[in-house]
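A.B. asks:
Residue numbers (the working numbering): 174 to 273.
Encoded structure:
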């Protein structure tokens, strides 16, 4: 989902979730939107996933789109190492609310 599409989506919908996905061992963040139907859309620019180097950069972009709340999701390498599927969608174990 391109940034302009995100802005339009936010203007016309109110039932969605924004996730800021941090990859352990990496200083990069990606933004994902999940709509009411469970479809996931990564934020892209010119068709390529956008990688942010700092949470402040993420906050700025999301504020421009009219978003003021998201969840920080950390993918934990421990799960992958022991062969367990990552469970970063689980709201009780790996999501931290962000308000900006």
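We put the CB at the ideal spot given by N, CA and C, even for glycine.
How many Å lie between residue 229 and residue 191 at the Cα?
C.D. replies: C-alpha separation (whole angstroms): 15 angstroms.
A.B. asks: If I'm right that residue 243 touches residue 183 with Cβ under 8 angstroms, what's the distance once you round it to whole angstroms?
C.D. replies: With 8 angstroms as the limit, residue 243 and residue 183 do not qualify as a contact, their Cβ atoms being about 12 angstroms apart.
A.B. asks: Thinking C-alpha only, which one of 268, 206, 175, 270 is nearest residue 219?
C.D. replies: Comparing Cα positions, the closest option is 175.
A.B. asks: Can you tell me which of 236, 271, 208 puts its alpha carbon nearest to the alpha carbon of residue 246?
C.D. replies: Closest option to residue 246, Cα to Cα, is 271.
A.B. asks: Kindly indicate the opening and closing residues of the beta strand (DSSP E) around residue 272.
C.D. replies: Residue 272 -> beta strand (DSSP E) spans 268-272.
A.B. asks: Mapping the DSSP letters down to three states, classify residue 186 as helix, strand or coil.
C.D. replies: Coil, per DSSP.
A.B. asks: Select from 205, 212, 216, 241 the residue whose C-alpha is nearest the C-alpha of residue 177.
C.D. replies: Ranking 205, 212, 216, 241 by Cα distance to residue 177 puts 216 first.
A.B. asks: Measure from the C-beta of residue 214 to each C-beta in chain C and report whether the shortest distance is under 9 angstroms.
C.D. replies: Protein chain content of the structure displayed is limited to a single chain, and chain C is not contained in it.
A.B. asks: Relative to the C-alpha of residue 187, which candidate in 196, 193, 179 has its C-alpha closest?
C.D. replies: Of the listed residues, the one whose Cα sits closest to residue 187 is 179.
A.B. asks: Tell me the DSSP secondary structure of residue 178 in three-state form.
C.D. replies: Residue 178: helix per DSSP, three-state reduction.
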